[in-house]
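*Asks:* Got a structure for you, written out below as structure tokens; questions coming shortly.
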Amino acid sequence: MAFETIHGIVIKYSDYKESDRILSVLTVEQGFITLTARGCRKKSSQLAAACEICTYSEFVIYSRCGILNVSTASVLESFYPIREDYNKFESAEQVLHMTRILTCLTHSWDDAFKLCYHTLSYIAYTDNNPIDLELCFAVKFLKLAGYEPKLVNCVLCGKDLRREKELRFSKAMGGAMCNYCGTGSRVVAPLTLEAVRRMLNLPLTDMGKVRLPEHTRKELETIIYEYAEYNLEQTVKIREL
Ligand SMILES: [Zn+2]
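The numbers in this note's numbering rise by one with no breaks, and the one at position 149 of the sequence shown is 174.
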């Protein structure tokens, strides 16, 4: 039997039989894969900690009858503070959900892995509002998925919007609009669009700089998830707004 060592983040799991678990893991080596961890829910199991959701683990795996099984596993990063803080946990769950969607939409799992890993690290180990980090993830997620909203010029007339004070945002038209073209669409503050523009280009190592004013956070949360759900045609937001 050939064994292989892989490294990945547990994105989701479902319990199976008495003590088994089916894991959905985003790996560095093979992208998104499904693993069966036999007996990992037994109290004595050495696999238990490494098979928890939102854990970055090393897995030694083998294939039998076309199913990938975990032989041994160890925790590389548990993002432990996420488990102790409900707000951090909620945002991390949202990030994992979007990561799962992203792996279905793109083959560049390398970028998806890096984005997910960095975001979870910042949620765990900084005092940033976890929703700000989650929103930064969501903006970058749209870019990687190929649905980056247009924000500099009006999507209809092409007018440069960077000095405009009255702006609109249309999920159906693919981005920002001037007040004239966007009549009937959602009103959006210039600062909110500026925040999205900056997040799109922000290096992952600078995510700790994302600190949004309350009004911007609320507005961005509404427009970004509305936009994502409309364009991806699926549920993106799992937490109540
Ligand atoms: Zn216009």
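Beta carbons: idealized from backbone N, C-alpha and C, even for Gly. In this text, all values refer to a predicted model and were calculated from it rather than measured experimentally.
(1) In its own chain, which residues sit with a C-beta less than 7 angstroms from the C-beta of ALA197, not counting the 5 before and 5 after it?
(2) How would the residue list near ligand 1 read, in chain order, if you kept each one whose beta-carbon is closer than 6 angstroms to any heavy atom?
(3) How big is the Cα-Cα spacing for VAL177 and GLU189?
(4) Use the C-beta contact count for ARG71: other C-beta atoms within 10 angstroms, 16 or more gives buried, fewer gives exposed.
(5) Going along the chain, which residues of its own chain have a beta-carbon closer than 6 angstroms to the beta-carbon of GLU25, five neighbours each way excluded?
(6) Quick check on PRO238: buried or exposed, where buried means 16 or more other Cβ atoms within 10 Å of its Cβ?
(7) Helix, strand or coil for ASN94? Go by DSSP, reduced to three states.
(8) Can at least three beta-carbon pairs, one atom from the stretch 111-129 and one from the stretch 206-219, be found at a separation below 8 angstroms?
(9) Leaving out the 5 sequence neighbours to the left and right, which residues in its chain are closer than 8 angstroms to THR11 when beta-carbon positions are compared?
(10) What does DSSP give as the partner residue(s) for ARG46 in the beta ladder?
(11) If you draw a straight line from the C-alpha of ALA98 to the C-alpha of CYS179, how long is it?
*Replies:* Result, derived from the coordinates:
(1) TYR255
(2) Contact residues of ligand 1 (beta-carbon closer than 6 angstroms to any heavy atom; chain order) are CYS179, LEU181, CYS182, LYS184, MET202, CYS203, TYR205, CYS206.
(3) C-alpha separation (whole angstroms): 10 angstroms.
(4) Just to set this straight, residue 71 is Gln in the shown sequence, not Arg. That one is exposed.
(5) What the structure shows of the chain is the stretch from 26 to 266, and residue 25 is not part of that stretch, so it cannot be assessed.
(6) exposed
(7) strand
(8) no
(9) The chain is shown only over 26 to 266; residue 11 falls outside these bounds and no answer can be derived.
(10) Answer by DSSP bridge pairing, in chain order: ASP40, ALA62.
(11) 51 angstroms
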